[in-house]
Amino acid sequence: MEKKELLEQIQDLEQKYGAWAYDIPLPFDVWTGGNRNIPHTRLKRIVQIVSDLVDKPLSECRILDLGCLDGMFSIEFALHGAETIGIEIREDNIKKAIFCKNVLNLSNLDFRQEDARHISIESHGLFDAIICSGLLYHLTAHDAIELISKMFNMSNKVVVIDTHIALKPVTRYLINNEEYWGEIYNEHNEQDTQKIKSKRLWASWDNNQSFWFTRPSLINILNKAGFTSVYECFNPPHLNYGKPGIEHFDRCTFVALKGEKCKLFTSPAANTLNENWTENSLDYSANKIKSKKSLFRKIIQKPKKNK
């Protein structure tokens with residue numbers, strides 16, 4: 006394929022299926038978005054997490070990318086040599102993703118037009134790392150919890166969840182006598198047809214509302230699913246794609262590891278203790294930090310002498 010033909014096919018795909026979600030580099034110094042020169046720091050963060058935490062080179066890993074849009078994250082892992090599966094429900098995205106795969110001749114990459122909510126060991130197998138970036142907050146509370154359980158079962162070790170969270174516990178969700186908190190987010194109008202919904206590439210697939218869990222509730226869900234440790238990633242930083250400011254104050258990257266529970270010898274009572282984080286216990290807001298600092302100053306302040 007010559008450069009002219011490649012450019013024509015990219016333009017043709019955009020006319021048929023809409024604008025590209027990602028700016029992906031292809032041969033002849035051609036980019037799907039025209040080379041926007043935007044540093045994708047979220048991608049950098051997620052690839053670094055996986056590289057740091059899997060017990061082998063990326064080229065020996067099996068990676069699952071859920072809700073992959075037109076495939077940038079999947080392509081990145083495949084270019085590192087990983088056997089990669091990208092799951093995407095929208096035809097508009099999957100057509101562009103498959104095009105990039107074929108142009109780059111990535112035989113270790115498989116794009117599947119499927120609903121990420123329906124993944125299973127039987128259909129997809131086990132993975133060294135599962136990436137769930139930009140998907141969880143488009144699901145209902147029930148579907149999000151179910152997906153986390155499936156990711157636990159299908160992961161050998163690492164699950165990366167990059168998601169929006171609710172900053173306040175507004176709405177309670179009760180399942181199996183477990184209480185979780187978050188906030189309901191409107192994705193579509195009730196009268197919207199599925200055809201209309203399917204064209205909204207940055208929204209849910211069919212549910213009109215999604216549920217954003219609070220930080221404590223999401224961590225409790227991951228604990229309940231069976232992950233032995235959960236972390237939040239701050240480095241590499243994702244601020245605003247190299248521009249001033251912060252893109253989102255309510256979007257976080259969580260890393261859940263599936264390992265063996267380590268039993269303590271010197272504190273056996275801790276082995277059977279399983280606690281949940283309470284709401285507002287993991288609030289990073291400036292106001293809360295300020296109030297704690299003020300309280301500390303009051304504590305250390307010397308008492309005034311009586312006049």
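Going by this note's numbering, the letters in the sequence shown line up with residues 6 to 312, in that order. Positions of the beta carbon are idealized from the N, C-alpha and C atoms, including for glycine.
Residue i, enclosing beta strand (DSSP E) - first and last residue
i	result
Gln-214	214-218
Arg-177	176-180
Asn-191	183-191
Leu-84	Leu-84 -> not in any beta strand (DSSP E); alpha helix (DSSP H) instead, spanning 77-84.
Contacts around residue i, its chain only, beta-carbon distance under 8 Å, and the 5 residues preceding and following it disregarded
i	result
Arg-177	Glu-184, Tyr-185 and Trp-186
Leu-11	Leu-31, Pro-32, Phe-33, Val-35 and Val-108
Gly-23	Asp-97, Lys-204 and Leu-206
Ala-275	Leu-269
Leu-48	Met-77, Phe-78 and Glu-81
Segment limits, alpha helix (DSSP H) that includes residue i
i	result
Tyr-22	8-22
Leu-58	46-58
Ile-29	Ile-29 -> no alpha helix (DSSP H), and no H or E assigned at all.
Beta-carbon separation (whole angstroms), residue i vs residue j, contact threshold 8 Å
i	j	result
Ile-68	Phe-82	5 Å
Asn-113	Gly-130	The pair is not a contact, with the Cβ atoms about 14 Å apart (cut-off 8 Å).
Ala-121	Leu-74	With 8 Å as the limit, Ala-121 and Leu-74 do not qualify as a contact, their Cβ atoms being about 12 Å apart.
Residue nearest to residue i in terms of C-alpha spacing, selected from the options
i	options	result
Gln-16	Pro-32, Pro-30 and Gly-39	Gly-39
Val-175	Phe-218, Glu-119 and Asn-113	Phe-218
Leu-84	Asp-75, Lys-106 and Leu-206	Lys-106
Phe-239	Gln-20, Thr-46 and Lys-21	Thr-46
Leu-71	Pro-44, Ser-160 and Leu-111	Ser-160
Gln-118	Ser-112, Gly-130 and Gly-91	Gly-91
Ile-180	Asn-276, Ala-149 and Ala-275	Ala-149
His-123	Ser-154, Ile-189, Phe-132 and Lys-101	Ser-154
Cys-267	Leu-278, Pro-242, Ser-215 and Val-52	Leu-278
Residue environment, residue i, which counts as buried when at least 16 other CB atoms sit within 10 Å
i	result
Lys-298	Model confidence at Lys-298 stands at a pLDDT of 43, short of 50, so the residue's coordinates are unreliable; what they give is reported in the following sentence. Burial call: exposed.
Arg-41	exposed
Lys-21	exposed
Glu-284	buried
Phe-254	exposed
Nonlocal neighbours in the same chain, by C-beta distance under 6 Å from residue i, ignoring five residues either side
i	result
Val-235	Ile-224, Leu-227 and Ala-261
Leu-58	Val-163
7 Å Cβ shell around residue i - same chain, five flanking residues per side excluded
i	result
Pro-44	Tyr-246 and Gly-247
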